[in-house]
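Below: the structure, in structure tokens.
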Amino acid sequence: MRTTSPSHAAGVTKLIKLIQSRHADALYQGEYEGMYCVGCEEFKSESQIVNGRCIEHPSRELVPTKERNTFFRLSAWTGQVLEAINSGAFRVEPEIRRNEILRVLEAGLIDISVSRSRLPIGVAFPGTTDQTVYVWFEALMNYLTATMFSTPGDAPTWPADIHVVGKGITRFHCCIWPAILMAAGLPLPGMVWAHGYVQWGGAKVSKSEGTSISLDEAIERHGPDALRWFLLREVGFENDGDFSLERFDARYDGDLANGLGNLAARTTAMLEKYRAGIVPVGAAESLDISGDQCVAEYAKAMATIDLKGGAEEISQLVSEANSYIVATAPWTLAKNGDEAKLDAALAALARCLLRLSVMASPFMPAKAQALWSALGQAGTPETAWRLALQPELAGVRVAKPDNLFPKPTTP
RNA sequence: GGCUGGGUAGCUCAGCUGGUUAGAGCACGGCACUCAUAAUGCCGGGGUCGCGGGUUCGAGUCCCGCCCCAGCUACCA
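When you line the first sequence up against this note's numbering, it's residues 705 to 1115, in that order.
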């Protein structure tokens, strides 16, 4: 939803009027008087002023300035927002972000002016001629104008279950936004999840060595699925992280080429060699128990948006499968003619691969799909969670997939 | 400056309400195996747990002080 569209402006107007009708005193005329930094072109709060100077422009004098505009009584909602977070009705994740917000709230919010008289662009503030709506007040409203306000009659798609935002705008989403909704008598979103940033090449590295890498180059190197895997497995979704080619290559070679890719290759190769590509019937093995555990942990992690934790479970299961192969040594079973045990081992490995395909699909949809198809499955692994819990492949014809994660040929 | 995190093996990090010889992955060294993308498995070396005090029978884990790193800091988008 572009904030320049007419329906957006209408939605903004509607929300402001809704607030006015429910809480007449939530919006009031006031005079803002504060220290204005010419360098930043904005007013500074006390916390941003050190030794009487703006912390970002300590060389400039702050100018006392007055401006008349409309205020939102944010301070009045501090307690209720705090309560909503503490009670779990409105969740803020991860914990580090929640702690930040809680301290801010405990310190108390101050009213914010929500109209501007300086800017010629923007949505006109209802009831005024020379004022426009404060851009953040307006931008947050976009969530509503894009959902429940824009097209009357549609099924209500608000409240959202989760807002995924960058950590830099956590405050707007966790303090101002819920207060606005409360003032308007609208339900709050279930959760705000603030993710970290990734530095491409790292500022230090790129400046001194000139080794910064572009997004395109990174994708070109090992493919988009591998890049997603790297970011979620190594960096996670919560923390900041530095992208480096060394780490990317290490993850690709270790987790994907030597890990999942090689496991798929060796398993399907054995199925073809010993059982003509048909998955035999086999009772549950120790590997199935490992699989149950990994899937359970994976589900728990994914439910809490712990994508890094989910990825770790995939790696864990790959590792357990490799250990299982060496422990059972199917090639020895084949040589000795121990057909029953060979059936059991191959069947368990095939089931394990099927689970991995499903588990990997959120991270690497294309690669997971390739593995899925190689296992003789129709459709997509994304909708096959049931098979992650209880994999069944007996009698299915499988084929060795194309090299899932080829290693770059080193010159 | 205030607030929130972090400082544990060469690297990336786990270590819950304090309890026996501080863990994992990667990297490194040795051994084993051959189904596989010179792949995999097993074993091993390696740490004064930022510094200094304190509480305790006992602290990486709690308390105080200090040092260093990162992030946030609202009328910026």
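Using N, Cα and C, we set each Cβ at its ideal position, and we do this for glycine too.
For clarity, every value in this text was computed on a predicted model and none was experimentally measured.
For the alpha helix (DSSP H) containing residue i, name the first residue and the last one.
| i | result |
| --- | --- |
| Glu-1001 | 990-1007 |
| Arg-1101 | Taken as a continuous stretch (DSSP letters only), Arg-1101 belongs to no alpha helix (DSSP H), as it is neither H nor E. |
| Ala-954 | 949-955 |
| His-926 | 919-926 |
| Arg-801 | 799-811 |
| Arg-1090 | 1089-1093 |
| Trp-862 | Neither: Trp-862 is in no alpha helix (DSSP H) and is coded neither H nor E. |
| Glu-1016 | 1011-1032 |
| Leu-885 | 881-888 |
Distance check for residue j and residue i, CA to CA, integer angstroms please.
| i | j | result |
| --- | --- | --- |
| Leu-722 | Thr-1008 | 34 angstroms |
| Ala-728 | Lys-718 | 15 angstroms |
| Asp-953 | Glu-921 | 13 angstroms |
| Glu-1096 | Arg-1055 | 6 angstroms |
| Lys-1045 | Glu-950 | 42 angstroms |
| Leu-1185 | Ser-1077 | Past the boundaries of the shown model lies residue 1185; the chain is included only from 705 to 1115, so the question cannot be answered. |
| Gly-1080 | Gly-1013 | 29 angstroms |
| Trp-881 | Phe-841 | 8 angstroms |
| Asp-1042 | Leu-1050 | 12 angstroms |
| Ala-828 | Pro-1110 | 57 angstroms |
| Tyr-838 | Val-716 | 11 angstroms |
| Gly-889 | Gln-997 | 44 angstroms |
| Pro-893 | Thr-836 | 26 angstroms |
| Leu-964 | Ala-730 | 57 angstroms |
| Gln-1020 | Ser-1061 | 14 angstroms |
| Leu-1108 | Ala-980 | 21 angstroms |
| Thr-769 | Tyr-736 | 8 angstroms |
| Gly-927 | Gln-784 | 47 angstroms |
| Val-1102 | Ala-1082 | 12 angstroms |
| Ser-910 | Asp-1010 | Residue placement at Ser-910 is poorly supported in this model, since its pLDDT is 38, which falls under 50; the coordinates still yield a value, given next. About 30 angstroms. |
| Ile-993 | Arg-955 | 27 angstroms |
| Val-767 | Arg-925 | 52 angstroms |
| Asp-1106 | Leu-1053 | 18 angstroms |
| Ser-1065 | Pro-830 | 48 angstroms |
| Glu-976 | Leu-919 | 39 angstroms |
| Gly-995 | Leu-1091 | 12 angstroms |
| Gly-734 | Glu-771 | 9 angstroms |
| Asp-944 | Ile-866 | 21 angstroms |
| Lys-908 | Phe-947 | With a pLDDT of 36 at Lys-908, under the threshold of 50, the predicted position of this residue should be treated as unreliable, and no value is reported. |
| Gly-1099 | Leu-1058 | 14 angstroms |
For residue i, report the span of its beta strand (DSSP E) as first-last.
| i | result |
| --- | --- |
| Met-1068 | Premise fails: Met-1068 is in no beta strand (DSSP E) and is neither H nor E. |
| Val-983 | Element bounds for Val-983: n/a, residue is neither H nor E. |
| Trp-897 | 895-899 |
| Arg-777 | Unbroken run through Arg-777: none, as it is neither H nor E. |
| Ile-789 | Segment 782-791 is the alpha helix (DSSP H) holding Ile-789; no beta strand (DSSP E) there. |
| Ile-866 | 866-870 |
Measuring alpha carbon to alpha carbon, tell me which of the options ends up nearest residue i.
| i | options | result |
| --- | --- | --- |
| Gln-724 | Gly-715, His-867, Ser-819, Ala-887 | Ala-887 |
| Val-808 | Pro-1112, Arg-979, Thr-874, Ala-850 | Thr-874 |
| Leu-960 | Glu-938, Ser-791, Met-974 | Glu-938 |
| Asn-846 | Leu-931, Ala-713, Val-902, Gly-900 | Ala-713 |
| Lys-871 | Glu-799, Ala-1052, Pro-1112, Asp-865 | Glu-799 |
| Ile-789 | Ser-779, Ala-1052, Arg-802 | Arg-802 |
| Val-869 | Ile-884, Gly-995, Gly-900 | Gly-900 |
| Ser-1023 | Ser-1065, Glu-976, Gly-958 | Gly-958 |
| Leu-778 | Leu-919, Ser-791, Gly-792, Tyr-732 | Tyr-732 |
| Val-1017 | Ala-898, His-867, Ala-850, Leu-936 | For clarity, residue 1017 is Glu in the given sequence; the question names Val instead. Nearest C-alpha to Glu-1017: Leu-936. |
| Trp-1035 | Arg-1059, Thr-971, Leu-1058, Ala-1005 | Thr-971 |
| Ala-780 | Ala-864, Thr-861, Ala-883 | Ala-883 |
Could you round the C-beta distance between residue i and residue j to whole angstroms and report it? I think they count as a contact, below 8 angstroms.
| i | j | result |
| --- | --- | --- |
| Thr-774 | Leu-813 | Going by Cβ atoms, the distance from Thr-774 to Leu-813 rounds to 17 angstroms, so no, they are not a contact pair. |
| Ile-805 | Phe-776 | Not really, about 18 angstroms apart at Cβ, beyond 8 angstroms. |
| Val-896 | Cys-878 | 5 angstroms |
| Phe-876 | Leu-844 | 6 angstroms |
| Ala-1003 | Trp-933 | Between Trp-933 and Ala-1003 the Cβ distance is about 19 angstroms, and since that is not below 8 angstroms, they are no contact. |
| Ala-1025 | Leu-967 | 6 angstroms |
| Ala-973 | Lys-1104 | 6 angstroms |
| Leu-786 | Glu-810 | 7 angstroms |
| Tyr-978 | Ala-1038 | 5 angstroms |
key: Cβ contact check for the segment 1080-1098 and the segment 1020-1029: 3 or more pairs under 8 angstroms   = Taking 8 angstroms as the limit for Cβ pairs, the verdict is that the segment 1020-1029 does not touch the segment 1080-1098.
ask   = Is there contact here, the segment 982-991 with the segment 1061-1074, by at least three beta-carbon pairs under 8 angstroms?
value = no
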